[in-house]
Every structure is written in C-alpha cells, then in structure tokens.
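Residue numbers (the working numbering), protein chains in the order written: chain A, 15 to 123; chain B, 15 to 123.
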DNA sequence: TATATTTATCGTAATATTGCGATAGATATG
DNA sequence: CATATCTATCGCAATATTACGATAAATATA
C-alpha cells in the first residue's frame, strides 16, 4: 500500500518518526550543517555548495521548512535561510529523551 | 529518478541520514521502545503488541537489524530480539554531535 | 520598460517504502 | 511421522521520495 498506519501509534511516536524523516536525507543534513557553519543566514549560496539542481534543493528546503527546522526571509531577489532555534531545541530534546531511555543492563540474550 | 545521490555527500552525512531513516517510521520507534520497556529480550510478542501484520513487522525488524540497532537470537521456534548496546551508543553519539553543533547566537535575520 | 537574477512550483520519470496475503522453512509437540 | 507454532521471504499493489528540466513569479538593474 505504501501508506503508513499512523492511527495505531501514539502522537509522540508519529511525531518523532516524522522528525527523523525530516533529517533522513544527506542533502538535508548538509543544508543544516551549512547553516550551522555559516553562523548566520544563508542567502542562495546553497545551490553552488551542494551538487544538486536548483529545483531539487528548493524541494529539500521546503521539507525542512515544513518540518519547522528552518525559516526563510525574503531579501531582495533572494531568500535567506536560518535555523529556528526554538524548533531545534524541541528536536534536540525529543531525540535526547528517546536515546536516554535505553540503559544497557547486560541482561540480554 | 528517486535515487539519492550519495556520491556528492560525505560519508558522515550519508551515514547520519541513514541512521535517521532507520528510525523514521513510527512502527520502528514503537518496536525499539517496546524492547527498551521490556528491559530484556522480546520473543514474538511484538506482533500482538503492534497492530500490524506479521509480515510487516518482520520487515521492520529486518530494517532495524540491517541498521545494526537490534540483534535476534533464535530460541526454539521463536526469535528473541534486543537492542545492541554498542550500536545504540554510536547512534546516540552521532545524534548528540549533530545537535550540539548548533548554538543559538541570535544573529539571524 | 526591458533584461537579468533568484527562488518556487509544475510535471514527469525512476526508484523506494509500506503493508499484507500466501507460502516456505525451522523447530517443537503429540 | 504428522501437526502446530513461529518467523522469514516472495510477490504484489498503493503511495512516497528523489531528481531535474521547464517555467512562472518576484525583484533588482540597465
């Protein structure tokens, strides 16, 4: 079918899975890392930096925007992107909570 | 095309994206959380717990196994799954490193 | 106003993912 | 040995993702 059965999972599980999905592509990882490295807004340099077509990058930026991770500000003919600190914190905390839940107890088979 | 251009990204970026992908489905999140909650191996109870068909769960387990996150031990007619502590730690550290890299500097547009 | 620059969107093709029924394979149990 | 139980795999259908050329929309510049 190809359609995830979200209704049988909790909101938290669905949300966490969606967060993972937002970052489950090397281009989106690279975009985020580029924004972090720049320590500021990045206005249109992304197409030169990554080796993907402009349309493709625009699509990935849209997904990151939909995920809330980045925000774009129109600046003349170009658009400046930066990370949304608030959402970033939410992601960080959700991931931390998930990974901290497991403690190795050495009682495994 | 539908084929990710891994060759234009770094190994780390590709690996991190793949890690995210392994957890980018609520069923796989639920399976991992179930293993954590059990604090031990889980042998075949997963099909009853989740509302998915046996074939579907087997497929998700396979993906988690391919990702290295879980390991299965044959126990009679059933298979017991548990989290691989070593790989879990690697995931945790990779995610931590990624999220720690960004510091909000309030110099955004 | 005409042209250049930049980004978003549309349409399309190729591939991947999700889900499940059917079935095969392995190991218990009668 | 026959049967039951449990898991993996195959095959299929529906949907999603990835990538890109073409084009539209918006703004700057000559």
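Ideal Cβ placement from N, Cα and C applies to all residues, glycine included.
According to DSSP, residues forming a beta bridge with residue i
{"i": "residue 92 of chain A", "result": "A:89"}
{"i": "residue 57 of chain A", "result": "A:94"}
{"i": "residue 84 of chain A", "result": "A:97"}
Proximity to residue i [Cα-Cα], best of the options
{"i": "residue 48 of chain B", "options": "B:24, B:84, B:28, B:23", "result": "B:84"}
{"i": "residue 32 of chain A", "options": "A:114, A:105, A:111, A:113", "result": "A:105"}
{"i": "residue 50 of chain A", "options": "A:17, A:97, A:78", "result": "A:97"}
{"i": "residue 115 of chain B", "options": "A:46, A:22, A:19", "result": "A:46"}
{"i": "residue 30 of chain B", "options": "B:110, B:58, B:62", "result": "B:110"}
{"i": "residue 36 of chain B", "options": "B:99, B:23, B:118, B:78", "result": "B:78"}
{"i": "residue 26 of chain B", "options": "B:63, B:107, B:58", "result": "B:107"}
{"i": "residue 127 of chain A", "options": "A:54, A:113, A:17", "result": "The question about residue 127 of chain A has no answer, for chain A in this structure spans 15 to 123."}
{"i": "residue 24 of chain B", "options": "A:118, A:81, A:63, A:101", "result": "A:63"}
{"i": "residue 93 of chain A", "options": "A:58, A:52, A:99, A:102", "result": "A:58"}
{"i": "residue 80 of chain A", "options": "A:89, A:21, A:101", "result": "A:101"}
{"i": "residue 118 of chain B", "options": "A:99, A:90, A:118", "result": "A:99"}
{"i": "residue 22 of chain B", "options": "A:88, A:90, A:21, A:61", "result": "A:61"}
{"i": "residue 52 of chain A", "options": "A:113, A:88, A:95", "result": "A:95"}
{"i": "residue 82 of chain B", "options": "B:113, B:112, B:103, B:28", "result": "B:103"}
With 16 other Cβ atoms within 10 Å as the buried cut-off, status of residue i
{"i": "residue 56 of chain A", "result": "buried"}
{"i": "residue 17 of chain A", "result": "exposed"}
CB-CB length for residue i against residue j, believed under 8 Å
{"i": "residue 66 of chain B", "j": "residue 19 of chain A", "result": "7 Å"}
With a cut-off of 8 Å, do at least 3 Cβ pairs link the region 61-72 of chain B to the region 36-52 of chain B? yes
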